[in-house]
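Q:
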Amino acid sequence: MRTLKYLYVFLLMVAVLPFVSCNDTDDGSFVAPITIYEKINGNWAVTSLKQIDEVAKANAQTPTEMTLTDQFGFSTFTINLNVDTNNEPTNYLIGGTAPKFFPTEGYWSLEYPFQNTDGSASIINLYSDAAKTIQVAQLSVTSMPSTNKVLELKFSRKAKGVTFVSYVYQLSPAQQ
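According to our numbering, numbering within the sequence shown proceeds without interruption in unit steps and concludes at 213.
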């Protein structure tokens, strides 16, 4: 009799168990991952600009760096990286009286919208046309804004594939 009682309890458990496990767990709604576009879009103003002599640096010569922030009007440099409502890149605008190393307006996109898993710098491609077929410059994102709200971009000049000078822009959100 006692064995029969245990058998009934076991069968009841087996019969009820599927109903309990059919319950859906609510994990909340799906949220798309944060892209670099969301972090770097907006209007940025220069806080520091360094010119790096890559040839001198490679040959262990001095000086290798020169601060240009307060020279040639670089303190007025701004860059506005615009995105649409879906956080897709649209156009960019360069402001200020600083010498122009690349066109003052055009279109932009990243080579990859997320941080690179190998730790390499993200690349911003600048284009002269809305179809993004004519590339006019490339910027490396060497520091991403997070809690410190600093965006660092590196623009390099090359001759025959060899970088001879780089400009490192440290930018902070521009005052509206």
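Quick reminder that beta carbons are idealized off the backbone N, C-alpha and C, glycines included. All values reported here derive from a predicted model rather than from experimental measurement.
(1) Which residues in the same chain have their Cβ closer than 6 Å to the Cβ of Ala-174, if we skip the five residues on either side of it in sequence?
(2) Out of Val-51, Phe-47, Lys-76, Ala-95, point me to the one whose CA is closest to Lys-186's CA.
(3) Quick check: the stretch 79 to 88 against the stretch 150 to 162, are there 3 or more CB pairs under 8 Å?
(4) Let's see if you can read the secondary structure: which residues bound the alpha helix (DSSP H) around Ala-95?
(5) If Thr-134 and Thr-113 are in contact, beta carbons under 8 Å, what's the gap, nearest whole angstrom?
(6) Is Leu-105 closer than 8 Å to Lys-94 when the C-beta atoms are compared?
(7) Distance, Cα to Cα, Ser-177 vs Ala-211?
(8) Helix, strand or coil for Tyr-74? Go by DSSP, reduced to three states.
(9) Out of curiosity, what's the CA-to-CA distance linking Ala-69 and Arg-194?
(10) I'd like the list of long-range same chain contacts for Gly-132, defined as Cβ closer than 6 Å, with 5 residues on each side in sequence excluded.
A: So, from the data block:
(1) Phe-139, Leu-163
(2) Lys-76
(3) no
(4) 91 to 95
(5) 5 Å
(6) no
(7) 20 Å
(8) helix
(9) 36 Å
(10) Thr-115
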